[in-house]
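**Student:**
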Amino acid sequence: MQAPLSELAVYAVVDTNILLHHLEVLAQFVDDVERLTIPVIVVVPGAVVLELDGQKNREGLAWFARRATAWLLEKIRERKCVKGQAQEETCKSTGNWKIQERGELSVGDMYNDGLILDCCMYLGRGRPTVLCTGDNNLSILCQAQGKTWVNNGIYCSTNWLA
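Residue numbers (my numbering): 6 to 167.
#1: Less than 8 Å between the C-beta atoms of GLY89 and VAL54, yes or no?
#2: Can you tell me the Cα-Cα spacing of PHE69 and LYS61, whole angstroms?
#3: Contact defined as beta carbons within less than 8 Å: I believe VAL35 pairs with VAL47. What is the distance between those atoms, to the nearest angstrom?
#4: Return yes when the Cβ of LEU77 is within less than 8 Å of the Cβ of TRP49, no when it is not.
#5: With respect to the beta strand (DSSP E) encompassing ILE46, which residues constitute its N-terminal and C-terminal limits?
#6: Could you tell me which residues DSSP puts in a beta bridge with VAL134?
#7: Alpha carbon to alpha carbon, how far is LEU128 from GLY65?
#8: Given that a residue counts as buried once 16 or more other Cβ atoms are within 10 Å of its Cβ, and exposed if not, what is ALA167?
#9: What does the alpha-carbon distance come out to for the pair SER98 and GLN92?
#10: Helix, strand or coil for LYS220? Go by DSSP, reduced to three states.
#11: Of the choices ILE121, ASP20, GLU39, LEU24, whose alpha-carbon is the least far from that of GLU83?
#12: Just to check my reading of the structure: ALA52 and ASN141 have Cβ atoms closer than 8 Å, yes? What is that Cβ distance to the nearest angstrom?
#13: Does TRP68 come out as helix, strand or coil in the three-state DSSP assignment?
#14: Going along the chain, which residues of its own chain have a beta-carbon closer than 8 Å to the beta-carbon of SER124, five neighbours each way excluded?
#15: What residue range is occupied by the uninterrupted alpha helix (DSSP H) comprising ASN22?
#16: Output yes or no for whether 8 Å exceeds the beta carbon distance between GLN150 and LEU120.
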């Protein structure tokens, strides 16, 4: 069971590339959120965990993936402001983000982008949600759904906490 969530919290959903290439920034952000008790919950979509698992044996990314996974495990165990996506936290009619819907295509990275966006859409039903990504294609999908994203550390919307 995950830690109880504040009703006032903003969700910050992180993409794989943030964990791989900007872990120090994310770790400092999480430390600040915890120290200052800011109502932010960092959410790691299940698809991101799967992507990290796939990267752990890839030359050039293995060390980054393993480092990110170790950090995530530590933070999720603490049950403070970092949590993983539960299987039922989805907009999919299957009620489980891991189960494909009838006719749903599961092709490469775009499928995972769709799963990450689904996580954002689900969380965004109840409270402000922002996607943190460096992936331009995922940013396009996010924008098409009217959601806010942070790309390469630049806030793309001034009202994402509203």
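Glycine included, every Cβ here is placed at the ideal spot set by N, Cα and C.
As the structure is a computational prediction, the values presented were derived from the model and not from experiment.
**Tutor:** Straight from the coordinates:
#1: Yes, these two residues count as a Cβ contact at 8 Å.
#2: When rounded, the distance between both Cα atoms is 8 Å.
#3: Cβ-Cβ separation between VAL35 and VAL47: approximately 6 Å, consistent with a contact (criterion under 8 Å).
#4: The sequence shown places Val at residue 49, rather than the Trp named in the question. Yes; because the gap between Cβ atoms is below 8 Å, this pair is in contact.
#5: That run of the beta strand (DSSP E) goes 45-49.
#6: Here residue 134 turns out to be Thr, not Val, going by the sequence shown. Bridge partners of THR134: TYR16.
#7: Going by the C-alpha atoms only, they are around 33 Å apart.
#8: With a pLDDT of only 35 at ALA167, under 50, the local geometry of the prediction cannot be trusted, and the value read off the model is given with reservation. That one is exposed.
#9: Between SER98 and GLN92, the C-alpha separation is close to 12 Å.
#10: Residue 220 is absent from the model: the chain starts at 6 and stops at 167.
#11: It is GLU39.
#12: Contact between ALA52 and ASN141 is ruled out by a C-beta separation of about 17 Å, above the 8 Å threshold.
#13: Secondary structure at TRP68: helix, using DSSP grouped into helix, strand and coil.
#14: Here the sequence assigns Cys to residue 124, which means Ser is not the residue at that position. Listed in chain order, the non-local C-beta contacts of CYS124 below 8 Å within the same chain comprise VAL18, VAL48, PRO50, GLY51, ALA52, GLN90, GLU94, THR95, TRP102, local neighbours out to five positions each way being set aside.
#15: It spans 21-26 - the alpha helix (DSSP H) in which ASN22 sits, taken as one unbroken run.
#16: No, Cβ-Cβ distance for GLN150 and LEU120 is not below 8 Å.
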